[in-house]
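Residue numbers (my numbering): 58 to 348.
Cβ atoms here follow ideal geometry from the backbone N, Cα and C, with glycine treated the same way.
All values reported here derive from a predicted model rather than from experimental measurement.
Quick notes on the structure that follows.
As structure tokens, then:
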């Protein structure tokens, strides 16, 4: 068997980096490529796909009259589909960690009426709309002030109104916690990259212990779900490299059938065209479809 050269992970990373640059994202200095792509995955989840959502409001939901215009604009976009990014934090384009979103999966929106001069974001507001997304549903929890990132009430309202959102994260084998952290302590732990379990009350008034409903954070303060998604993609790509090595004889047979001269050294790369991925052998330009 001739020598085989390939680095599909690097090829894949380079394609994702192109996407990041097209988005106009401010790339932090001295950031590792894997960390950058993980943060980009988080960015994509926050921006959403523009799909329409079914809207659900908690029974506790109250919005000050001066913010109702901005709220109604957000609800309209969510309900009928569209770009919600003008209402997000400006830090989204800087790939800054959003502790509450990374940890709990709860996203916050500004409720401004008018666009700022740059026409990219609405004017910032102190009060914020907290929303939890699952599939094609948007759960409007309530209006909170800036800084309420670890307010336990947020999760309690979710549990009281939509128990099905919290139940998958209940640690049924744990009856209670010997130590409960204050919201300020929770915030400090989150800043240090520590995922924290916490207690809520069920409808009977009993304590239940839950894991973070956003799956929590890693020591780098990235969202665990996006770290897992990155690892999943890399594992899948490594499996593809292994497949190429195992099936090189079949690839040679294909070349012979196509009257392609078999090279002494195979140089495979993973490439993309119009959203579709494929494998190319550079010496012969042989194309193998992937997905």
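How many angstroms separate the CA atom of residue 242 from the CA atom of residue 257?
Here residue 242 refers to the residue found at position 185 of the chain shown. Here residue 257 refers to the residue found at position 200 of the chain shown. Answer to the nearest angstrom: the Cα atoms are 17 Å apart.
With 16 as the cutoff for other CB atoms within 10 Å, does residue 269 come out buried or exposed?
Counting from one through the chain shown, the residue named residue 269 turns up at place 212. Its Cβ being crowded by 16 or more others within 10 Å, residue 269 is buried.
Does the count of Cβ pairs from the stretch 292 to 312 and the stretch 95 to 107 closer than 8 Å reach three?
No contact exists between the stretch 292 to 312 and the stretch 95 to 107.
Drop a sphere of 10 angstroms on the beta-carbon of residue 75, count the other beta-carbons inside from all chains shown, and report buried for 16 or more, exposed for fewer.
Within the chain shown, numbered from 1, the residue matching residue 75 stands at position 18. Exposed, since its Cβ has fewer than 16 Cβ neighbours within 10 Å.
Beta-carbon within less than 8 Å of residue 137's beta-carbon, same chain only, minus the 5 sequence neighbours each way: which residues are those?
On the chain shown, residue 137 is found 80 positions in, with the first residue counted as 1. Counting only Cβ-Cβ distances below 8 Å, and skipping sequence neighbours, we find 109.
Quick check on the DSSP output: the alpha helix (DSSP H) that includes residue 184 runs from which residue to which?
Along the chain shown, read from residue 1 onward, the residue named residue 184 stands at position 127. Looking at the DSSP string, residue 184 is not in any alpha helix (DSSP H); the run it does join, the beta strand (DSSP E), is 184 to 191.
Cα-Cα, which of 200, 84 and 333 is closest to residue 183?
Reading the chain shown from its first residue, position 126 is the one you call residue 183. It is 200 whose Cα lies nearest to the Cα of residue 183.
What number of angstroms, rounded off, separates the C-alpha of residue 264 from the C-alpha of residue 61?
Looking up residue 264 in the chain shown gives position 207. Looking up residue 61 in the chain shown gives position 4. Each residue's alpha carbon lies about 58 Å from the other.
What separation, rounded to the nearest whole angstrom, lies between the Cα atoms of residue 211 and residue 198?
As a working note, residue 211 is residue 154 in the chain shown. As a working note, residue 198 is residue 141 in the chain shown. Their backbone Cα atoms lie some 7 Å apart in a straight line.
Which of the three DSSP states, helix, strand or coil, is assigned to residue 251?
Position 194 of the chain shown, counted from the start, is the residue given in the question as residue 251. Three-state DSSP puts residue 251 in coil, outside helix and strand.
For residue 167 versus residue 188, is the C-beta distance shorter than 9 Å?
As a working note, residue 167 is residue 110 in the chain shown. As a working note, residue 188 is residue 131 in the chain shown. No.
Given this structure, state the Cα-to-Cα distance separating residue 310 from residue 319, to the nearest angstrom.
As a first step, residue 310 must be located in the chain shown, where it is residue number 253. As a first step, residue 319 must be located in the chain shown, where it is residue number 262. Each residue's Cα considered, the two are about 9 Å apart.
Does DSSP classify residue 172 as helix, strand or coil?
Sequence index remark: in the chain shown, residue 172 carries index 115 (1-based). In the structure shown, residue 172 sits in a strand (DSSP, three-state: E or B).
Would you check if the distance between the CB atom of residue 84 and the CB atom of residue 152 is smaller than 9 Å?
By one-based count along the chain shown, residue 84 stands at place 27. By one-based count along the chain shown, residue 152 stands at place 95. It is a contact, given that the beta carbons lie within the stated cut-off.
Kindly list the residues whose CB is nearer than 7 Å to the CB of residue 144, restricted to its own chain and excluding five residues on each side of it in sequence; keep chain order.
Working through the chain shown from its first residue, we reach residue 144 at position 87. Hits under 7 Å: 131, 166, 167 and 179.
Write down every uninterrupted run of the alpha helix (DSSP H) in the stretch 73 to 109 whose length is 4 residues or greater and which is fully enclosed by it, in chain order.
If we require 4 residues or more, the alpha helix (DSSP H) runs fully inside the stretch 73 to 109 come out as 90 to 104.
Hey, is residue 222's beta-carbon within less than 9 Å of any beta-carbon in chain C?
Judged by its chain identifiers, the structure shown contains no chain C, having just a single protein chain.
Thinking just about the alpha-carbon of each residue, which of 224, 254 and 225 is nearest to the one in residue 236?
Within the chain shown, residue 236 is the residue found at index 179, counting from 1. Comparing Cα positions, the closest option is 254.
Please give the ranges of any beta strand (DSSP E) in the stretch 192 to 259, keeping only runs that are unbroken, at least 3 residues long and fully inside the region.
Here the runs fully enclosed are 194 to 202 and 255 to 258.
Where are the alpha helix (DSSP H) runs, 4 residues long or more, that stay fully inside the stretch 120 to 156, in chain order?
Those alpha helix (DSSP H) runs which fall completely within the stretch 120 to 156 and span 4+ residues are 125 to 137.
Taking the C-alpha atoms as reference points, what is the distance between residue 142 and residue 230?
As a working note, residue 142 is residue 85 in the chain shown. As a working note, residue 230 is residue 173 in the chain shown. Straight-line Cα distance between these residues: approximately 40 Å.
With H, G and I counted as helix, E and B as strand and the rest as coil, what does DSSP make of residue 70?
Your numbering for residue 70 matches position 13 in the chain shown. Helix, per DSSP.
So residue 99 and residue 217 are supposed to be a Cβ contact under 8 Å. How far apart are they, rounded?
Taking the chain shown and counting its residues from 1, one reaches residue 99 at position 42. Taking the chain shown and counting its residues from 1, one reaches residue 217 at position 160. Rounded, the Cβ-Cβ distance is 28 Å, inconsistent with contact.
Among all the DSSP beta bridges, which residues are the ones paired with residue 295?
Here the question's residue 295 lines up with position 238 in the chain shown. Beta-bridge pairing links residue 295 to no other residue.
Taking all protein chains shown into account, do 16 or more other C-beta atoms lie within 10 angstroms of the C-beta of residue 58, making it buried, or fewer, making it exposed?
As a working note, residue 58 is residue 1 in the chain shown. At residue 58, the pLDDT of 49 sits below 50, so the modelled position is not reliable; the number obtained from the coordinates is stated separately. It is exposed - the Cβ of residue 58 has fewer than 16 other Cβ atoms within 10 Å.
Quick one: complete beta strand (DSSP E) runs, 3+ long, within the stretch 258 to 288?
Counting only runs of 3 or more, we get 264 to 267.
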